[in-house]
């Protein structure tokens, strides 16, 4: 019982080992035959091995048999394997092995012949630990005759076609096979793009139409078709030819046969060039006959668009006129004025008309032009040609250069007169000004007048005076108030009114001293456009009217003066601040002034002013800190004159200089009252360098140093010759005496 139990437990293990052994059996595979091939073509027979032991790269032997015996063809590992009858073909490369992977090779036979028909066996030497599975496989190859013929037109060479853009053309290809086998043809029309051929449309061996890349939409639209006809002909029809359709066309035909595994195999392929097609682009020139145009308001604008094309035959033109405020706008940004389609139907408009003058001219007429019609006009044209199915195709379109149109407004001719019907004698008296339109001519019902009132104060200095807007009217006579007098107008102290069609009035109920100054009015003319909007066309200003009366205190003015505004470095600059009075004269003891001097270190008044010095009415002088060596002094030289001196001027003392004066006036009761500050108009002080004075002292110092050095050099030379050279001369004399004594001996 124990031995029987052990046998029972070992049985499943043996079955598992047997199963693993059978699952690792070597398998050699070749295609399922027979393989039908055409004589003269290249044949490729693959062979692979799987489920093997040993090295990953396997070797293969190929043998051939017509009847019973096999003849050795070629091997991947034994160069002496080839039989004598195949050595020449193998040596020339007509028969070779091409390894596709470690476990697969392909037997390649070029220019296969009927004698190559038979059985081909692929064998693999054993590298397994145990011999299991199959080590070779056979496939039958059948060689049939070449029965496929492909031709184009009857002419020997391909034909040449010259077409215009938008034309249609058809190309013919004939393909037939006389093979006894059940083969199918695959026909493809191709165009040569550069150096490569590109598929246009194919009729596959399975009877399906297949457009090439980029031709799908044209195939769906019916612009490209492949039709079959009698005598095994295949027609390529192309509608609406464009520039991309130019090139060489060929018909590529391949022959297919269904293999034993029900898959289709291509057994041969032939092609023939059919035609060379040149597609000439349609030339179209669109020009507006008129250059820049200037038209007066209410006149008519007349523009003509001329179209020139080299298109012959039947075609129709489509024209559209556009308007834009900018010459760089695209068609999508511009406004369509009018259009005429290829059937000469014009879109509707009241003031604009479009007429077909002749075959190539289209006239745009805009009546009763307005200022808003100023801008850029351009013409867009397109050429349409008929197709074989009765539809129309746009072959080319162009846009003209824009033409600038300026519409000049009709300005009414009129004058403006301002007078004061009431002038104040004293403070709190009323003031009334009337602004009237006079000598108006050519003012029609579409002209409207409005008024704007301005005030210009009288300053007690020589600064530039700017006017202030008091009120203005827009086109519908709505009053818009300015900053000046807004609160008083809202309280009813200032009244703006329109007395008549040609008269506007300004009334100040109680005139104050702050109202003294110059007043003027501006009459604006407004023109009504076609859309009932009002646009200002002209402004006419009146002469100013001064409102002024004598008061109990004087009016002070301040100015700056200098006899020499241009000085040299190191010199003295004199600047005078002069105060003048108008009105009632005052005693010197009843008036006093605070004076401050400022400088702006630039040619233009574009920097912050710098305080130089100040003199208060008590005579106390204060100066700001200075970085240079120049010095300042400020003094009163008369009751109304104050002098600023700059001692030892330097470069940084240049700039615009001005004074600010604060008058103080003593009233009859003895109380000092401060008047508003008065600023003088700046004067520019220019500081130049005195070249002579700049180099005078360095030159004298240089001459002195040169003289001292020269005298010192002379003294040194004299001393050297006196003592040093004298010793050398005495030695020479002794030598001469010694020679003389020797001669005497």
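Residue numbers (the working numbering): 914 to 1658.
Where is the CB? At the ideal position from N, CA and C, for every residue including glycine.
- Secondary-structure assignment with DSSP links residue 1366 through a beta bridge to 1384 and 1434.
- By the C-beta density criterion, residue 1567 is buried, having at least 16 other C-beta atoms within 10 angstroms.
- Cβ neighbours of residue 963 within its own chain (closer than 6 Å, five residues either side excluded): 940.
- Contact fails between the region 1231 to 1239 and the region 1078 to 1094, because fewer than three Cβ pairs, one in each stretch, are under 8 Å apart.
- Beta-bridge partners of residue 1142 (DSSP): 1146.
- DSSP lists no beta-bridge partner residue for residue 1129.
- Judged by DSSP in its simplified three-state form, residue 1158 adopts helix.
- Closest by C-alpha distance to residue 1525, out of 1508, 1416 and 1141, is 1508.
- If you draw a straight line from the Cα of residue 1345 to the Cα of residue 1336, it is about 7 Å long.
- The region 1209 to 1216 makes contact with the region 1267 to 1283: 3 or more CB pairs, one atom from each, lie closer than 8 Å.
- Approximately 32 Å separates the beta-carbon atoms of residue 1222 and residue 1263; this is outside 8 Å, ruling out the contact.
- Assigned with DSSP and collapsed to three states, residue 1113 falls in strand.
- DSSP places residue 1462 outside both helix and strand once states are collapsed to three, so it counts as coil.
- Taking the C-beta atoms as reference points, residue 1019 is found no nearer than 9 Å to residue 951.
- If you look at residue 1229, you'll find it in the beta strand (DSSP E) that goes 1229 to 1237.
- In the DSSP assignment, residue 1402 falls within the alpha helix (DSSP H) that extends over 1399 to 1403.
- Scanning the region 1048 to 1120 for uninterrupted beta strand (DSSP E) segments of 3 residues or longer gives 1049 to 1057, 1061 to 1064, 1072 to 1077, 1082 to 1090, 1096 to 1106 and 1109 to 1116, listed from N- to C-terminal end.
- Residues 1384, 1385, 1386 and 1409 of the same chain have their beta carbon placed closer than 8 Å to that of residue 1392, with the five preceding and five following residues left out of the count.
- Annotated as distal: residue 1511 and residue 1530, with beta-carbon spacing of 9 Å or more.
- The criterion of a C-beta distance shorter than 9 Å is not satisfied by residue 1013 and residue 968.
- The alpha carbon of residue 1324 has as its nearest neighbour, out of 1292, 1440 and 1266, the alpha carbon of 1440.
- According to the DSSP assignment, residue 1288 belongs to the beta strand (DSSP E) that extends over 1288 to 1299.
- The DSSP-derived three-state label of residue 961 is strand.
- A residue is called buried when at least 16 other Cβ atoms come within 10 angstroms of its Cβ; residue 1015 does not meet this threshold and is exposed.
- Taking the Cβ atoms as the reference, residue 1063 lies roughly 5 Å from residue 1185, within the contact range of under 8 Å.
- According to the DSSP secondary-structure assignment, residue 1344 is paired through a beta bridge with 1421.
- Under DSSP, residue 1570 takes part in a beta bridge, and its partners are 1512 and 1596.
- In the DSSP assignment, residue 1002 falls outside any beta strand (DSSP E) and within the unbroken alpha helix (DSSP H) covering 997 to 1004.
- A Cβ-Cβ distance of about 7 Å is found for the pair residue 1437 and residue 1362, placing them in contact under the 8 Å criterion.
- With respect to the C-alpha of residue 1589, the residue from 1108, 1182, 977 and 1427 having the closest C-alpha is 1427.
- For residue 1310, the enclosing beta strand (DSSP E) stretches over residues 1305 to 1312.
- Distances from the CA of residue 1040 to each of 1099, 938, 1541 and 1189 were compared; the closest alpha carbon is that of 938.
- Look at residue 1447 here: in three-state DSSP terms it is strand.
- Assigned with DSSP and collapsed to three states, residue 1489 falls in strand.
- Counting C-beta atoms within 10 angstroms of its own C-beta, residue 1400 has fewer than 16 neighbours from the protein chains shown and is therefore classed as exposed.
- In this chain, the beta strand (DSSP E) harbouring residue 1320 covers 1316 to 1321.
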